[in-house]
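If you're matching positions, the sequence shown starts at 101 in our numbering and goes up one per residue.
Heads up, the beta-carbon is just placed ideally off N, CA and C, and yes, glycines get one too.
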Amino acid sequence: MVLAPITEGIFGIYLGLLAAIFPAFIAFSIGFIFKYFTTVTIPGLGVVALGGTLAGVSGGLMGLMDPTLSESWTGISAVLVILMACLWAHSQGDKLAVATPRRLTLKSIRETKLSVDLTERVDSYGQVRIRPIGEIHDIEGYPQLSEDLREQLSNSSWKFPADLSLPELESRLEERLSTDYELAEVNATIDKQGRAQIAAAPTAAGLSRRIPSGKRAVTIQTVLPTGVARGDHVTLQFPDGNVTGPVVSARTTGVEAKSDPIPAEEIDGEEGSVKQVVPKMTTTGGEGAVTIAVSLDDGKRIVRDNFAPMTVNSRGKQREYETIAVLKQHGNRFRKLVVNERGPLAGTTIGASQVRDAYGVAILAVRRASELIIAPRGTTELLAGDELIVVGKPSQLRAFEEATA
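Shown next, in the form of structure tokens:
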């Protein structure tokens, strides 16, 4: 007599699992759709009522509505199983709706990340090393790379945050190569294993490309300290006043300018620690010639003299890096986005789009073909194709990118 209720209960669980498939599927679908589009969860009482109604339909087909069966332990157990299955399926639908991006686009589908198999290559700073694979290709329409530069690119590697998507990694790698090696064009493709296929082209211009707009390059003989390099700011001393400008070229007389390898990063955990180097032309001490970029009026003053004493100015700690460090300490990150011609930002101003209030991010700079706008004001108009340098929390940046795609 004791075994009969237990046997009926087990049989009821079996029947309940069979009858719960359809109600649970409907509860999951409704929970997911309702949560995804309205961000509101259906109350549990509504799910129970829905599950009971659907259980009546499916249970009737299986004979659960038979009075002799519904009033037994078998029917009670089956109904309880159906209702619990509906509640569980509804909660899973809610969780999936929260995890699913609000705007699922082809761009977001493509933005896969690195393989989870690379976790052992992630360092303590959350960065993974990207290495080139295969030959460094040339880009059609550009001059060919020199063999030295091609070999240097093949033997180098670069570290980036491991949580970035593949398109973001490719964009950062292209920007890094363009800056470090002064390349005119770079195309990089990275697979899920962190291997990069690179095509690059050298710059077609030399000195003229390093001269800022509106400036002139003027050369003068002087005494050069050891280690003067491009980018240093120097001051030339003349009787009628000093002239200050950035160095675009410098060479010691009678001595070839040497390429000073500046170690960038070491490959951790590998035998024979290999260093990535970035070439930077420097000088040895002694008399030589220095070329600086100055205004036209200052250039006329320089060419009237054959020799002028020179001092190298201290640039100190760059404030922009201090600003970046402060922002990162509070969990902010940076991202480069392109204004889509069909997106909501194209043709509007920063103030009208309410970027900071609506998304919690700030636009630090706007880069377009003709100019670079630093710290743009609210009246700055955003055009299709503009590159935006945006700062904010990772979740805010993702929401802003999805909304403006």
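Check: My output table needs one value for T335: the three-state DSSP class, helix, strand or coil.; Outcome: strand
Check: Is the stretch 431 to 445 in contact with the stretch 489 to 496, if contact means three or more CB pairs nearer than 8 Å?; Outcome: yes
Check: Rounded to whole angstroms, how far is the Cβ of I450 from the Cβ of G431, which I believe are closer than 8 Å?; Outcome: Going by Cβ atoms, the distance from I450 to G431 rounds to 23 Å, so no, they are not a contact pair.
Check: Within its chain, find whatever has a CB closer than 8 Å to the CB of A462; leave out the 5 residues flanking it on each side and keep chain order.; Outcome: V455, R456, V490, V491 and G492
Check: Pull up the DSSP beta-bridge partners for N287, would you.; Outcome: A299
Check: I'd like to check one pair, A317 with A199: are the Cβ atoms closer than 7 Å?; Outcome: no
Check: In this structure, does DSSP put P312 in helix, strand or coil?; Outcome: coil
Check: Please confirm whether Q227 and P261 have their CB atoms less than 7 Å apart.; Outcome: yes
Check: State the Cα-Cα distance for the pair G385 and A350, rounded to the nearest angstrom.; Outcome: 11 Å
Check: Assuming Q192 and F134 form a contact by the criterion Cβ under 8 Å, report the distance between their Cβ atoms to the nearest whole angstrom.; Outcome: Not quite, the Cβ-Cβ distance comes to about 13 Å (not below 8 Å), so this is no contact.
Check: Using CA coordinates, which residue listed in Q252, L245 and S257 is at the minimum distance from R229?; Outcome: S257
Check: State the start and end residues of the unbroken beta strand (DSSP E) segment that holds G345.; Outcome: V343 to T352
Check: Tell me whether T504 is buried or exposed, calling it buried when 16 or more other Cβ atoms sit within 10 Å of its Cβ.; Outcome: buried
Check: Taking all protein chains shown into account, decide if L154 is buried (16 or more other Cβ within 10 angstroms of its Cβ) or exposed.; Outcome: buried
Check: Measure the alpha-carbon distance for A178 versus C186 and round it to whole angstroms.; Outcome: 12 Å
Check: Could you check how far apart the C-beta atoms of A408 and I320 are, in whole angstroms? I think they sit under 8 Å.; Outcome: 6 Å
Check: Measuring alpha carbon to alpha carbon, tell me which residue in K259, P243, I233 and S172 is nearest Y225.; Outcome: K259
Check: Could you check if D486 is buried or exposed, using at least 16 other CB atoms within 10 Å of its CB as the buried criterion?; Outcome: buried
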